């Protein structure tokens with residue numbers, strides 16, 4: 146034990162020295178936030194973390210997530226000490242072209258997810274731990290290094306709630322309670338008892354320790370892995386510990402030492418070391434779960450001219466069909482009877498996860514499932530996906546594969562009023578890096594698109610509608626990401642009307658009205674909002690002298706109209722689009738309660754408004 | 146007391162009956178979620194709530210916020226019983242044109258804020274209570290009716306944290322623990338002890354009661370108003386209580402009774418009643434706080450050709466100048482030394498609110514301050530404002546006046562990497578109803594725009610930049626919402642380049658380069674991203690044959706490019722814009738760490754890319 150302690154001390158000092166060295170070399174970064182956690186990581190990596198750095202794909206590996214992503218110098222120092230990276234690579238920290246980014250990203254094979262937006266690592270870890278406990282059924286542990294500042298984020302408490310509800314004793318939070326946030330003391334300072342009481346009230350086991358006492362750290366880890374519930378280790382630490390200049394001193398957040406300070410600090414810490422630690426390996430080599438890609442699916446079908454079926458119902462039906470794929474999991478935020486995700490629950494209850502009204506945790510858990518190679522679909526009202534906007538943004542940086550469905554889009558939901566109406570979701574989801582945005586108008590189309598989503602990389606979003614609408618496509622019709630459907634077309638088209646979802650139905654009504662006035666209208670179903678079918682749009686613009694009416698159940702900004710307009714920009718490689726005279730109909734004024742038809746009319750996006758817009762373009 | 150109890154019973158039954166009547170008349174709504182809270186509201190409005198319904202502007206009034214906004218039938222029943230609305234108006238519930246919307250909005254003068262997105266009422270109430278305690282210094286109480294389902298939202302725990310940290314003993318949460326959520330039992334069911342333990346761990350006083358026992362309710366309120374900390378009353382209730390058909394029965398969420406069920410239920414509840422209650426009035430009539438509009442301000446000035454000053458620093462300096470207005474308050478999410486909101490704290494510490502790393506609570510508190518007539522500015526990194534997207538969306542429905550500043554926008558922040566880079570904030574903020582979006586490139590401009598924001602209605606957003614950049618405008622230059630500045634112009638302009646913030650500086654460099662090649666370029670500073678200066682853009686399009694290059698430090702979707710494109714749509718009233726050949730430069734690929742210049746170059750938005758784009762348009 147004494148021997149262990151000496152080794153841990155040496156390793157802890159090395160992690161401190163290396164955190165200082167890399168950040169000083171970078172000229173930026175967070176050495177002091179790293180130094181406080183050094184002793185905690187020294188013991189963890191030497192004795193408790195089971196990880197095969199040569200084989201990060203081994204499903205038996207533990208997971209180590211730095212929820213306090215700004216402690217990246219510490220993480221990279223751990224990787225160096227584990228022999229995973231060289232000292233030289235560590236010193237490329239924050240340089241252009243280096244994998245050693247300012248905050249960790251999965252560009253590094255040992256990093257599960259990007260962190261750096263505080264309060265996200267723990268909720269994502271809940272997803273990884275859920276997968277381990279309920280799906281993988283593997284004994285791996287998920288270790289999460291938490292900062293005390295991020296305990297102020299509500300998402301952390303969503304994670305505490307879900308971890309205990311699901312009995313995740315494979316999840317261990319290590320709270321690096323160094324007292325100091327970015328601009329001074331945190332809310333609770335060194336009040337470890339308060340953190341422990343909160344954790345216990347949320348159903349966790351909690352242990353308070355001195356985070357620089359190796360005996361206490363060792364005992365805490367041993368205690369944590371033998372619990373029947375998740376554990377929070379509240380470790381009282383000192384920011385910038387080990388160096389008098391920085392230890393427990395304000396004003397040192399996110400600030401590297403200068404060259405002279407670095408030299409003195411390294412001396413004070415006992416000099417550079419280049420210890421390599423044998424990180425314990427997990428028992429055995431477990432392959433990643435098999436992909437369900439290619440599983441034959443029996444998608445639901447809906448008869449043309451049959452009962453009206455809302456697209457949200459078709460979403461649920463399609464999920465139920467996808468249950469044939471063992472890698473598909475479904476999460477929902479306590480509205481599965483509205484989103485119809487419950488259809489999946491009925492056939493595959495073991496792969497359905499009730500996330501209650503905690504949209505951030507829902508998206509985070511889906512990201513965690515993606516880390517464990519699951520094909521995760523997550524749903525709630527589209528309006529409430531805005532609650533998880535930062536998690537979706539970060540999921541893109543995590544290179545997560547994630548499928549979101551937002552139901553009850555637009556004013557057409559009716560009586561519930563504006564708080565329940567998504568009117569900005571297309572904008573939000575289009576501006577997620579690498580995203581796919583789909584907006585079906587028909588149940589057969591929905592089913593096909595949901596099946597396509599299962600194999601899409603990155604973040605995809607399906608916008609579904611509350612109302613039951615006529616079926617427009619037969620079950621055999623095919624659809625593609627980046628595709629569109631032209632539903633009305635003639636050699637004599639005067640104007641192109643573009644809609645999707647509910648407004649496509651309004652557009653068809655308008656086209657029928659205008660036909661009676663001898664105005665031929667081309668109608669395009671732009672169900673793939675991103676990517677968009679540029680070719681079809683260009684051909685339509687050429688055919689109708691650039692006269693477009695775009696109509697959407699969404700605010701004016703960033704939605705379908707923007708998608709069309711952006712398609713008509715000049716390509717840097719020279720492609721020049723045809724000229725465009727686009728009239729845009731989007732929701733005007735703050736909606737209220739009312740019947741769907743009344744609200745569509747009041748918003749200025751009904752068939753009558755479309756017909757008027759067309760007439761104004763041809764007069 | 147016995148007499149009181151009989152009266153409370155009668156009133157509680159009336160609130161139940163009326164909740165059933167209005168929702169049955171509407172054909173939708175949440176009667177059972179209303180019935181569970183009826184007894185709690187009967188006692189509150191008869192004895193504890195101090196509110197002058199004839200004068201909702203009386204600053205001495207208590208505040209009653211339904212965080213569970215779907216219990217609107219109960220709220221409107223309370224208003225009827227208070228004599229504020231007629232029975233007939235109550236029965237217009239959820240009808241088009243009625244103020245009795247599906248979820249409450251401030252269209253009703255007694256409603257402070259819109260609710261309906263769960264977990265928002267309590268954090269907003271924290272803002273109202275903070276104002277009462279620290280600014281108004283008035284003895285009003287803030288009463289919040291909470292649903293048990295929404296206790297799963299992390300934002301609720303941010304509110305608990307901030308309420309105790311600030312000693313808000315004027316805040317009382319009434320948890321209507323009716324066990325049943327939308328699709329079944331909640332996480333904690335009737336485990337009142339768990340809710341109480343969580344509240345206590347977060348520093349609140351907690352009282353567990355039977356929410357249908359009038360003695361217990363009465364005593365709990367009396368106890369709550371005499372505490373030195375905020376109180377949570379955990380009231381065990383039955384959803385749909387008082388009617389055998391619905392009481393504590395699953396499957397009745399958000400479902401009205403049909404006509405026959407209604408008749409039987411009303412009979413079971415003892416029939417219709419039309420009691421009017423004398424709601425206690427507050428002591429005295431306190432006017433709303435005085436507006437600081439028109440206060441003479443000494444804005445900071447920056448010399449042309451002087452030191453480079455980042456726009457984020459100018460934001461802080463301008464806030465410090467605005468401190469001369471007594472109605473201005475500033476909130477920040479623990480990064481005030483980065484956003485420079487700390488400049489305000491230095492001069493007006495009593496009106497600066499540290500919200501720690503809790504962006505949802507920050508925005509909610511600012512909304513609460515807006516309820517109390519304060520001119521609230523709230524800031525954090527623009528990337529982390531996405532954390533509060535749903536709160537900002539709802540703030541627009543609340544008709545709140547709210548000023549947000551997001552710093553560290555775009556790849557130009559450099560080494561910290563993508564988690565800290567806002568690349569979707571313009572898109573998010575543009576698609577908020579009625580919003581104003583400003584993006585300055587210079588410190589003098591920033592100071593002027595911040596001063597303008599103080600008097601703007603609705604939600605405004607200022608995007609600030611990390612880097613120190615040259616000053617472009619003199620201190621005397623004026624700016625307007627909806628304005629722009631043309632910085633380079635000649636009779637011979639071939640292409641218009643449009644930028645804002647950091648890319649404007651790149652555009653100016655490109656223009657200088659191109660001048661040497663005899664390509665005259667018009668350069669527009671489109672600092673008002675919403676509303677946009679259509680007239681100047683049209684004139685520029687006419688002058689340069691529609692050749693535009695728009696360049697932005699933002700993803701391709703929904704930002705500056707979209708703002709320009711949307712300006713060139715056809716007006717329904719006939720205005721036909723000039724033709725456009727727009728080449729759009731926006732961030733390409735997932736950014737990494739690196740120096741700002743390297744990242745701007747890699748993203749494809751540097752001066753060299755702009756020059757290439759211009760050349761490609763004129764070749």
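Protein chains in written order, with the numbering used here: chain A, 146 to 764; chain B, 146 to 764.
Cβ coordinates follow ideal geometry from the N, Cα and C atoms, glycine included.
These numbers were taken from a predicted model, which means no experiment stands behind them.
Have a look at the DSSP bridge pairing and note the partners of residue i.
{"i": "residue 288/A", "result": "209/A and 317/A"}
{"i": "residue 377/A", "result": "318/A and 351/A"}
{"i": "residue 552/B", "result": "526/B"}
{"i": "residue 501/A", "result": "DSSP output for residue 501/A lists no bridge partner at all."}
{"i": "residue 608/B", "result": "551/B"}
{"i": "residue 614/B", "result": "454/B"}
{"i": "residue 475/A", "result": "497/A and 522/A"}
{"i": "residue 727/B", "result": "693/B"}
{"i": "residue 715/A", "result": "728/B"}
Express the C-alpha separation of residue j and residue i in angstroms, rounding to a whole number.
{"i": "residue 599/A", "j": "residue 498/A", "result": "17 Å"}
{"i": "residue 766/A", "j": "residue 763/A", "result": "Shown here, chain A extends from 146 to 764; a query on residue 766/A therefore has no answer."}
{"i": "residue 344/B", "j": "residue 347/A", "result": "10 Å"}
{"i": "residue 631/A", "j": "residue 672/A", "result": "11 Å"}
{"i": "residue 494/A", "j": "residue 582/A", "result": "28 Å"}
{"i": "residue 379/B", "j": "residue 183/B", "result": "15 Å"}
{"i": "residue 290/B", "j": "residue 326/A", "result": "33 Å"}
{"i": "residue 540/B", "j": "residue 607/A", "result": "25 Å"}
{"i": "residue 559/A", "j": "residue 238/B", "result": "13 Å"}
{"i": "residue 463/B", "j": "residue 595/B", "result": "6 Å"}
List the residues of chain A that residue i touches, going by C-beta distances under 8 Å, in chain order.
{"i": "residue 327/B", "result": "479, 480, 482 and 483"}
{"i": "residue 721/B", "result": "726"}
Taking Cβ-Cβ distances shorter than 7 Å, what residues in chain A pair up with residue i?
{"i": "residue 535/B", "result": "529, 531 and 532"}
{"i": "residue 263/B", "result": "502"}
{"i": "residue 173/B", "result": "560"}
Report the neighbours of residue i on chain B: residues whose CB is nearer than 9 Å to its CB, in chain order.
{"i": "residue 248/A", "result": "561, 562, 563, 564, 565 and 738"}
{"i": "residue 700/A", "result": "575, 576, 577 and 578"}
{"i": "residue 243/A", "result": "737, 738 and 739"}
{"i": "residue 294/A", "result": "479, 501 and 502"}
By the criterion of Cβ-Cβ separation under 7 Å, what are the contact partners of residue i in chain B?
{"i": "residue 332/A", "result": "306, 310 and 501"}
{"i": "residue 724/A", "result": "724"}
Who are the neighbours of residue i on chain B, taking C-beta pairs under 8 Å?
{"i": "residue 255/A", "result": "Within 8 Å Cβ-Cβ: nothing; residue 255/A doesn't reach chain B, min ~17 Å."}
{"i": "residue 542/A", "result": "563, 564 and 735"}
Cβ-heavy atom distance between residue i and the ligand COA below 7 Å?
{"i": "residue 708/B", "result": "Absent from the structure shown: the ligand COA. Ligands present: none."}
Contiguous alpha helix (DSSP H) assignments of at least 4 residues, all confined to the segment 287-372 of chain B: Fully enclosed alpha helix (DSSP H) runs of 4 or longer: 299-310, 337-346 and 359-369.
If you pair each beta-carbon of the segment 426-433 of chain B with each one of the segment 195-204 of chain B, do three or more pairs fall below 8 Å? The segment 426-433 of chain B, when compared against the segment 195-204 of chain B, does touch it at the 8 Å Cβ threshold.
What runs of the alpha helix (DSSP H), each 4 residues or longer, lie entirely inside the segment 620-702 of chain B? Secondary structure in the segment 620-702 of chain B: the alpha helix (DSSP H) runs of 4 residues or longer, each lying completely within the stretch, are 647-660 and 679-688 in chain order.
Is there contact between the segment 437-452 of chain A and the segment 469-487 of chain A, where contact requires at least three CB pairs shorter than 8 Å? Verdict: yes, contact present.
Closer than 8 Å is the cut-off here; do at least three beta carbon pairs connect the segment 209-229 of chain B with the segment 250-263 of chain B? These segments touch.
For the segment 387-454 of chain A, which segments carrying the beta strand (DSSP E) assignment without a break, of at least 3 residues, lie completely within its bounds, in sequence order? Assignment of beta strand (DSSP E) within the segment 387-454 of chain A, counting only whole runs of 3 or more residues, yields no such run.
Taking 8 Å as the cut-off, does the segment 573-580 of chain B touch the segment 443-460 of chain B (at least 3 CB pairs, one atom from each stretch)? The segment 443-460 of chain B is not in contact with the segment 573-580 of chain B.
Would you call the segment 630-643 of chain B and the segment 692-709 of chain B in contact, with 3 or more CB pairs under 8 Å? Cβ pair count under 8 Å is three or more, so yes.
For the segment 671-686 of chain B against the segment 715-729 of chain B, do three or more pairs of beta-carbon atoms, one drawn from each stretch, fall closer than 8 Å, so that the two count as touching? Segments in contact, yes.
So, does the segment 536-543 of chain A touch the segment 478-488 of chain A, judging by three or more C-beta pairs under 8 Å? Contact between the segment 536-543 of chain A and the segment 478-488 of chain A is absent: fewer than three C-beta pairs spanning the two stretches fall below 8 Å.
Assess contact between the segment 155-163 of chain B and the segment 674-682 of chain A, defined as three or more Cβ pairs (one per stretch) separated by less than 8 Å. Is contact present? No, because fewer than three Cβ pairs between the segment 155-163 of chain B and the segment 674-682 of chain A fall closer than 8 Å, the two stretches do not touch.
Every unbroken beta strand (DSSP E) inside the segment 560-594 of chain B [3 residues or more]: Qualifying beta strand (DSSP E) stretches, in chain order: 581-583.
Does the segment 186-197 of chain B come close enough to the segment 277-296 of chain B that 3 or more CB-CB pairs lie under 8 Å? The answer is yes - the segment 186-197 of chain B touches the segment 277-296 of chain B, with three or more Cβ pairs under 8 Å.
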